[in-house]
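In numbering that gives the first Met the number 0, the protein residues as written are 0 to 384.
We put the CB at the ideal spot given by N, CA and C, even for glycine.
Predicted, not measured: the structure shown is a model, and the values here were computed from it.
Notes follow once the structure below has been shown.
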Amino acid sequence: MKKLLESLLLMACIGMADQAAIARQQANPALQALDDQLSGDLINDPSNMAWNVQGKNMVMKPLRDSSIPGGGAGISIKVQAQGTNPWDVQAQIPLIGPIESGQPVTVGFYARTVSAATSDKRGEITVRVQQNVSPYAGFIDKILPIGPEWTFYEATAKASRRLNTGEGVVALQFAGAKQEIEIGQMIVVSNATTIVASAPGNAGGSQKAQAQAKVDLSGPPQMPDALKDKGALLVDPRKRDNWAFYGAGITHSAGTSSVMGVPSIKTVTAAAAAQPHEVAITVPLDEPIRKGDALIISIAARANSSDAADGNGKIGVRVMENDPPWPGFGDGSLNFAPGKWQIITLNTTATQDIAAGKGAVQLQLGAAKQDFDIGPVYVIKAKAP
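Printed below as a string of structure tokens:
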């Protein structure tokens with residue numbers, strides 16, 4: 000088959016990782032930060048959109064738009080005539096880590112169908128993980144029906160063979176129908192059977208905030224003196240009904256205190272997690288963030304108990320997009336002395352744009368077995384000096 004190579008770079012590449020390192024030992028700090036947010040081991044670079052797109056009777060074009068979930072970048076594949084085989088038009092995405100035989104491997108990406116000459120008007124993508132050289136042995140081979148709205152799709156299977164570092168690719172096959180499909184960035188993990196269930200802010204594997212005491216949202220919220228006139232709030236600190244609580248062993252209930260007019264929420268982490276982010280709360284943001292914005296994040300909380308070595312309650316903080324691949328910044332850890340209410344602040348500078356309604360602050364509670372009462376969370380875009 001004659002190859003038609005279309006190489007594209009839709010966003011500033013964060014660089015390919017050291018070929019000898021994968022997953023939690025990624026050489027690239029940005030890949031490591033993403034890997035730490037996922038179950039399993041990250042084995043591709045989601046920001047690398049230089050995919051090898053090949054085939055006849057097709058048109059490929061890059062996409063860049065803030066409305067594309069998961070990073071604002073993607074590609075469009077328009078198949079002008081159904082092929083003899085699904086792989087007659089395909090995109091190959093390089094893998095940067097090895098896969099062992101028997102390991103579960105999961106491929107996830109956002110996609111939507113623009114048009115499709117199928118009976119239900121849904122497009123088709125066949126997902127396959129394979130060698131990048133003849134005989135192209137591989138596995139998964141799952142056909143995904145793609146609807147008209149941006150949706151996160153997954154395909155998973157146990158590897159039927161070992162693929163060494165540098166010899167594996169994900170092949171997305173499009174020629175099963177005459178169709179036009181748009182695809183966003185991709186995440187590929189080994190040693191995990193799903194991406195979404197453990198993902199930051201995932202509603203499917205999370206608990207929504209339980210009903211809290213009614214809070215008066217009229218007028219401006221009460222602000223601590225230290226935060227007054229510091230800038231513009233990115234979310235009303237009284238608004239907590241859209242918080243999401245996720246992770247093994249987390250429970251939450253209405254607290255018994257009130258801080259700045261905001262009733263507390265009691266959260267209990269039953270046991271320390273492997274990574275702090277594996278037990279967490281996501282606090283959605285309403286307003287946009289621009290690269291270079293100075294942000295002030297202040298958390299009112301009381302640590303009731305903690306089995307951390309120093310006895311302090313631990314809350315990790317991250318600002319992130321609330322869609323895969325969850326790029327973010329501002330990672331920090333706050334220590335709360337036990338038994339008293341404190342307001343502790345993290346200052347950070349945005350390293351990326353995040354559109355209105357697409358961002359969140361993640362409160363990471365998995366560093367210890369611990370019990371917290373959490374009050375208002377203030378997220379402020381600081382005034383220009």
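Item: Any idea if glycine 118 is buried or exposed, counting beta-carbon neighbours within 10 angstroms, 16 or more meaning buried?; Value: The sequence shown places serine at residue 118, rather than the glycine named in the question. Classification of serine 118: exposed, given that the 10 Å Cβ count is below 16.
Item: Can you give me the C-alpha to C-alpha distance between alanine 136 and asparagine 51, rounded to a whole angstrom?; Value: 18 Å
Item: Could you please give me the residues that DSSP links to phenylalanine 371 through a beta bridge?; Value: Thr266, Ala302
Item: I'd like to know if alanine 359 contacts chain D, where contact means its C-beta is closer than 8 Å to some C-beta of that chain.; Value: Included in the structure is just one protein chain, with no chain D present.
Item: Report the option in Ser304, Ala367, Leu30 whose CA atom is closest to the CA atom of valine 277.; Value: A small fix is needed here, since residue 277 is glutamate in this sequence, not valine. It is Ala367.
Item: On the DSSP bridge assignment, give the partners of isoleucine 92 in chain order.; Value: Val169
Item: Since tryptophan 242 and isoleucine 186 should fall inside the 8 Å C-beta cutoff, what is the C-beta to C-beta distance between them, to a whole number of angstroms?; Value: With a Cβ gap of about 24 Å, tryptophan 242 and isoleucine 186 do not count as contacting.
Item: Taking the CB atoms as reference points, tell me whether valine 78 and lysine 141 lie closer together than 8 Å.; Value: no
Item: Look at the Cβ atom of leucine 284, then the Cβ atom of tyrosine 377, and state whether they are nearer than 8 Å.; Value: no
Item: My output table needs one value for leucine 3: the three-state DSSP class, helix, strand or coil.; Value: For leucine 3, the predicted model reports a pLDDT of 23, less than 50, meaning its position is unreliable; a value from the coordinates is still stated below. Coil, per DSSP.
Item: Expressed to the nearest angstrom, what Euclidean distance is found between the alpha-carbon atoms of proline 219 and phenylalanine 328?; Value: 28 Å
Item: On the DSSP bridge assignment, give the partners of glutamate 320 in chain order.; Value: Gly358
Item: Whose C-alpha, out of Phe371, Asp292, Gly374, Lys120, is nearest the C-alpha of alanine 349?; Value: Asp292
Item: With DSSP run on the structure shown, which of helix, strand or coil describes tryptophan 50?; Value: coil
Item: Just to confirm, are alanine 308 and glutamine 369 a CB contact at a threshold of 8 Å?; Value: no
Item: Could you check which residue in Thr105, Glu148, Ala381, Gly183 has the C-alpha nearest to that of isoleucine 74?; Value: Gly183
Item: What does a CB cutoff of less than 7 Å around leucine 333 pick up in its chain, not counting 5 residues either side in sequence?; Value: Ile298, Ile314, Val316, Ile343, Leu345
Item: For a quick check, are the C-beta atoms of leucine 170 and glutamine 89 less than 8 Å apart?; Value: Note that residue 170 is alanine in the sequence shown, not leucine. The answer is yes: Cβ separation under 8 Å.
Item: What residue does the beta strand (DSSP E) around arginine 289 start on, and which one ends it?; Value: Run containing arginine 289: none; DSSP gives neither H nor E here.
Item: May I ask which residues mark the beginning and end of the beta strand (DSSP E) holding serine 385?; Value: Past the boundaries of the shown model lies residue 385; the chain is included only from 0 to 384, so the question cannot be answered.
Item: What are the partner residues of arginine 239, as DSSP defines its beta bridges?; Value: In DSSP, arginine 239 forms no bridge with anything.
Item: Taking threonine 192 as the reference, which of Asp224, Gln130, Gln81, Tyr152 has the closest Cα?; Value: Tyr152
Item: Under a Cβ-count criterion, where at least 16 other Cβ atoms within 10 Å of its own Cβ denotes burial, should asparagine 163 be classed as buried or exposed?; Value: exposed
Item: What's the C-alpha gap between leucine 41 and leucine 364?; Value: 22 Å
Item: With respect to the beta strand (DSSP E) encompassing lysine 55, which residues constitute its N-terminal and C-terminal limits?; Value: No beta strand (DSSP E) contains lysine 55, which DSSP labels as neither H nor E.
Item: Could you give the C-beta distance for glutamine 81 and glycine 175, rounded to a whole number, given that I count them as a contact under 8 Å?; Value: 7 Å
Item: Kindly indicate which three-state DSSP category proline 85 falls into: helix, strand or coil?; Value: helix
Item: Suppose the cutoff is 7 Å on Cβ atoms and the five residues either side in sequence are ignored; what does the same chain contact list for proline 236 look like?; Value: Pro220, Val261, Pro375, Val376, Tyr377
Item: Determine the direct distance from the alpha carbon of methionine 259 to that of alanine 202, and round the result to whole angstroms.; Value: Its pLDDT being 38, under 50, alanine 202 is placed unreliably in this model, and the coordinates cannot settle the point.
Item: Looking at the structure shown, is glutamate 99 part of a helix, part of a strand, or coil, going by DSSP?; Value: coil
Item: So the candidates are Gly122, Phe108, Gly107; which of them puts its Cα closest to the Cα of serine 114?; Value: Gly122
Item: Could you check which residue in Val106, Pro103, Val168, Ala158 has the C-alpha nearest to that of serine 133?; Value: Val168
Item: Are the beta-carbon atoms belonging to glycine 54 and aspartate 322 less than 8 Å from one another?; Value: no
Item: Got a sec, what are the start and stop residues for the beta strand (DSSP E) tyrosine 152 sits in?; Value: 150-157
Item: Relative to the alpha-carbon of asparagine 84, which residue among Ala383, Gln172, Asp35, Ala154 has its alpha-carbon at the smallest distance?; Value: Gln172
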